[in-house]
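Engineer: One structure coming up, written as structure tokens, with questions to follow.
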């Protein structure tokens, strides 16, 4: 009778131990699932931005991964640099302002071009000849497979004089480096190794 009682105690202990192990496994599974759900929920909430519209209403906006917009930002950075660097008017302060803002988007290679043109009297001729120069960026080709990113830019220059308008082809090559975003560099890129590959007349139109 005593031996049978011991067997019952042993089997009961085994059952309790089995139930304990199963209970611990269930608790671990529930805890793991809860943490995973909480992480996914927090991640989903981080993708939402609530915008206060004029202090009156909340509008829900969805945030995006910054890397999704890098190609767009790269092309806009290049386009903005070309517009600032090559848009000139017969006004010394306007030229200096544009060049200064353009140089904030690039390294010393662009400054070297500016210095060379300045020493050759190019900007003085723009001012004395009452010439306006504008640029139209046709396309920006960026290769994001290799860092620094390789960029080729195809543009057209319009040199507007009193007597005629000269249309020129402008092809440049450069590389893009990731940089810190700031008020002067909102896209967070720096142009490196800027060089002009082609700059020739296409046609001249009399005015």
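Residue numbers (the numbering used here): 1 to 207. Using N, Cα and C, we set each Cβ at its ideal position, and we do this for glycine too.
#1: Secondary structure at residue 176, three-state DSSP: helix, strand or coil?
#2: Following the continuous beta strand (DSSP E) through residue 149, name the residue where it begins and the one where it ends.
#3: I need the straight-line Cα distance from residue 73 to residue 162, nearest angstrom please.
#4: Restricting to Cα atoms, I'd like to know which of 160, 192, 81 and 200 is closest to residue 207.
#5: So if DSSP puts residue 93 in a beta bridge, which residue, or which two residues, is it bridged to?
#6: For the beta strand (DSSP E) that residue 139 lies in, which residues bound it at each end?
#7: Taking the straight line between their C-alpha atoms, what separation do you get for residue 83 and residue 155?
#8: Is the Cβ-Cβ distance between residue 177 and residue 148 less than 8 Å?
#9: State the Cα-Cα distance for the pair residue 70 and residue 32, rounded to the nearest angstrom.
#10: Using a Cβ-Cβ cutoff of less than 8 Å, which residues in the same chain neighbour residue 179 once the five nearest sequence positions on both sides are dropped?
#11: Return the Cβ separation of residue 194 and residue 109 in integer angstroms, given the expectation that the two are a contact with Cβ distance under 8 Å.
#12: Would the beta-carbon of residue 200 fall within 8 Å of that of residue 169?
#13: Could you tell me the distance, in whole angstroms, from the CA atom of residue 41 to the CA atom of residue 157?
#14: Compare the C-alpha of residue 95 against each of 132, 173 and 174 and name the closest.
Structural biologist: Let's see:
#1: For this step, residue 176 is matched to residue 176 along the chain shown. Looking at residue 176 - three-state DSSP - the assignment turns out to be strand.
#2: Here the question's residue 149 lines up with position 149 in the chain shown. First-last of the beta strand (DSSP E) with residue 149: 149-160.
#3: Here residue 73 is taken as the residue at index 73 of the chain shown, counted from 1. Here residue 162 is taken as the residue at index 162 of the chain shown, counted from 1. Rounded to the nearest angstrom, the two C-alpha atoms are 37 Å apart.
#4: The residue labelled residue 207 in the question sits at position 207 within the chain shown. The option with the nearest alpha carbon to residue 207 is 160.
#5: Working through the chain shown from its first residue, we reach residue 93 at position 93. Note: residue 93 sits in no beta bridge, so no partner.
#6: For the purposes of this step, residue 139 is taken as the residue at position 139 of the chain shown. Residues 132-143.
#7: Stepping through the chain shown from its first residue, residue 83 is reached at position 83. Stepping through the chain shown from its first residue, residue 155 is reached at position 155. Their Cα atoms are separated by approximately 10 Å.
#8: What you label residue 177 is simply residue 177 of the chain shown in a count that begins at 1. What you label residue 148 is simply residue 148 of the chain shown in a count that begins at 1. Taking 8 Å as the Cβ cut-off, residue 177 and residue 148 qualify as a contacting pair.
#9: The residue labelled residue 70 in the question sits at position 70 within the chain shown. The residue labelled residue 32 in the question sits at position 32 within the chain shown. In a straight line, the C-alpha of residue 70 is about 36 Å away from that of residue 32.
#10: In the chain shown, counting from the first residue as 1, residue 179 sits at position 179. 185, 188, 189 and 190, listed in sequence order.
#11: To locate residue 194, count along the chain shown from 1; it is residue 194. To locate residue 109, count along the chain shown from 1; it is residue 109. Right, the Cβ-Cβ distance comes to about 4 Å (below 8 Å), so this counts as a contact.
#12: Here residue 200 corresponds to residue number 200 of the chain shown, with the count starting at 1. Here residue 169 corresponds to residue number 169 of the chain shown, with the count starting at 1. In this structure, residue 169 lies closer than 8 Å to residue 200 by Cβ.
#13: Translated into the one-based positions of the chain shown, residue 41 becomes position 41. Translated into the one-based positions of the chain shown, residue 157 becomes position 157. Their backbone Cα atoms lie some 52 Å apart in a straight line.
#14: What you label residue 95 is simply residue 95 of the chain shown in a count that begins at 1. Measuring from the Cα of residue 95, the nearest candidate turns out to be 132.
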